[in-house]
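*Asks:*
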Amino acid sequence: MAGLAEPVYVCPQCCGNLDVVLDVEQVRRLHAPGSIGAGTDASLWRYAALLPVKVPPATTATLRTVGGTPLFPVSRLAQHCGLRDVWIKDDSRLPTASFKDRASAVVVARALDLGYTRLITASTGNAGVALAGMAAAAGLEAVILVPESAPPAKIAQLLIFGARLILVKGNYDAAFKLSLQAARELGMYCRSTGYNPFTLEGKKTAAFEIAEQLAASLGGEVREMWTAPDCVFVSVGDGNIIGGVHKGFKELHALGWISRVPRMIGVQAVGSAAIYNAFAARTDAIAPVDAHTVADSIAADFPADGLHGLQAATQSAGAYLTVTDDEILAAIPELARLTGVFAEPSCAAAYAGLLKAARSGLVAAHERVVLLITGSGLKDVATAMRTVGAAPVIAPTVAELRQALV
Ligand SMILES: *Cc1c(COP(=O)(O)O)cnc(C)c1O
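Read in order, the letters of the sequence shown are residues 0 to 405 in numbering that gives the first Met the number 0.
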């Protein structure tokens, strides 16, 4: 077992992914839902007792505010799906507008603990943006390796945050391999997903928030217990988000703070379905695919955290399903019009999956469902614009306006 003092990433023997193991007995002795609920910090740092890093100082600015996103019921969407009880956890509101901020905040805190001043990551976009933003907040340097094809808004965010953005010829897998080697040889701390176990530690905080917020929303006694939903819908590329959220629920269950782990439902694009394929074939052996989808954030040839992603579903009596690019595109305006949430294609996929699951009976009408919104629609405006028509242009008269509104 590795200690926390060294920058260990993967198993020295087999190179498999590592898990940070929570000392459940110690946490249970010292803390309870009520004591955490009494905390005044609304960010993910309110769960510091369950995190393996020191809380970064207030001087790390935005980094200290990550988390605390709203969980709210979406009754019109629920009705549209034929369900009773659907909630959105809206992580598009995080500082750099994606779920990846949770991971990057904890990884940067880890870098501060270890004394690194430079970090590196490979990314299809959002993970790099989140690291660039969190590194900027903490005054550290970030080197981001991105495939040449990343959407312009993400490239803009990377450049604006002052990251050393390097566009790598080839696909994400090439950038990933380079990030591991560069971290070793150039003395940088590596964030790359599926390599650094601390990304899961950040991502698990979404489960803590969902359970605490759901308990608070439903009223009753929240000093002893929080509340798990029946199922959680997550869009999946590498498998790190669904794996991290599942880890969070498992820890709460081990602590006795929730009564059961929710079913984790992973949604992949038909053209990028490596984990779905393994789930459907009932095997742990995840075979690479040649990924093509309109949802860039969930395109993965070989999922970097595939086993965690797969086990999230298999261990929770959950499931995987796929949606087509057409279904993803249709889901963007539909989700927005039913809820007021403008999501990027990758998380509109989770909604498309929920719709499918409700229609096929994979979720039952009475189940309490949480839909995780992982990234803002402003990240990929070009794709969103493919789903809507052009706006009319009129002279500034009521007559023309009346006609345009017919
Ligand atoms: C990264 C990302 C995902 C998928 O997460 P994985 O850990 O790769 O499975 C989904 N949605 C958005 C917006 C993302 O940035």
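All residues carry an ideal CB built from backbone N, CA and C; glycine is no exception. Nothing here was measured: the structure is a model prediction, and the numbers come from that model.
Confirm the yes/no value for this check: CB of residue 131, any heavy atom of ligand 1, distance under 7 Å.
*Replies:* no
*Asks:* Counting pairs of Cβ atoms below 8 Å between the segment 370-390 and the segment 85-102, do you hit three or more?
*Replies:* With contact defined as three or more Cβ pairs closer than 8 Å, the segment 370-390 and the segment 85-102 are in contact.
*Asks:* With a floor of 4 residues, list each alpha helix (DSSP H) that falls wholly inside the segment 139-166, ordered by position along the chain.
*Replies:* 151-159
*Asks:* Looking only at its chain, what residues have a beta carbon closer than 7 Å to the beta carbon of residue 71, apart from the 5 residues adjacent to it on each side?
*Replies:* 86 and 87
*Asks:* What first and last residue would you give for the beta strand (DSSP E) that runs through residue 264?
*Replies:* 262-268
*Asks:* Would you call residue 406 buried or exposed, if buried means 16 or more other Cβ atoms sit within 10 Å of its Cβ?
*Replies:* Beyond the ends of the chain as shown, which are 0 and 405, falls residue 406; an answer cannot be given.
*Asks:* Identify, in the order they occur along the chain, each residue of the same chain with its Cβ nearer than 8 Å to the Cβ of residue 75, setting aside the five sequence neighbours on each side.
*Replies:* 337 and 338
*Asks:* Alpha carbon to alpha carbon, how far is residue 318 from residue 399?
*Replies:* The straight-line gap separating the alpha-carbon atoms of residue 318 and residue 399 is approximately 52 Å.
*Asks:* With DSSP run on the structure shown, which of helix, strand or coil describes residue 237?
*Replies:* DSSP places residue 237 in coil when its eight states are reduced to three.
*Asks:* Quick one: what does DSSP say residue 84 is sitting in, helix, strand or coil?
*Replies:* strand
*Asks:* Would you mind stating whether residue 179 and residue 246 have Cβ atoms separated by less than 8 Å?
*Replies:* no
*Asks:* For a test of your reading of the model: does the CB of residue 317 fall under 7 Å from any non-hydrogen atom of ligand 1? Yes or no.
*Replies:* Not under cutoff, so the answer is no.
*Asks:* Taking 7 Å as the line, does the beta carbon of residue 240 fall inside it for any heavy atom of ligand 1?
*Replies:* yes
*Asks:* Determine the direct distance from the alpha carbon of residue 66 to that of residue 44, and round the result to whole angstroms.
*Replies:* 8 Å
*Asks:* Quick check: the Cα distance between residue 386 and residue 347, rounded to an integer number of angstroms?
*Replies:* 12 Å
*Asks:* Quick check on the burial criterion: 16 or more other C-beta atoms within 10 angstroms. Buried or exposed for residue 307?
*Replies:* buried
*Asks:* By Cβ distance, which residues of its chain are closer than 8 Å to residue 276, with the 5 residues on each side in sequence left out?
*Replies:* 285, 286 and 288
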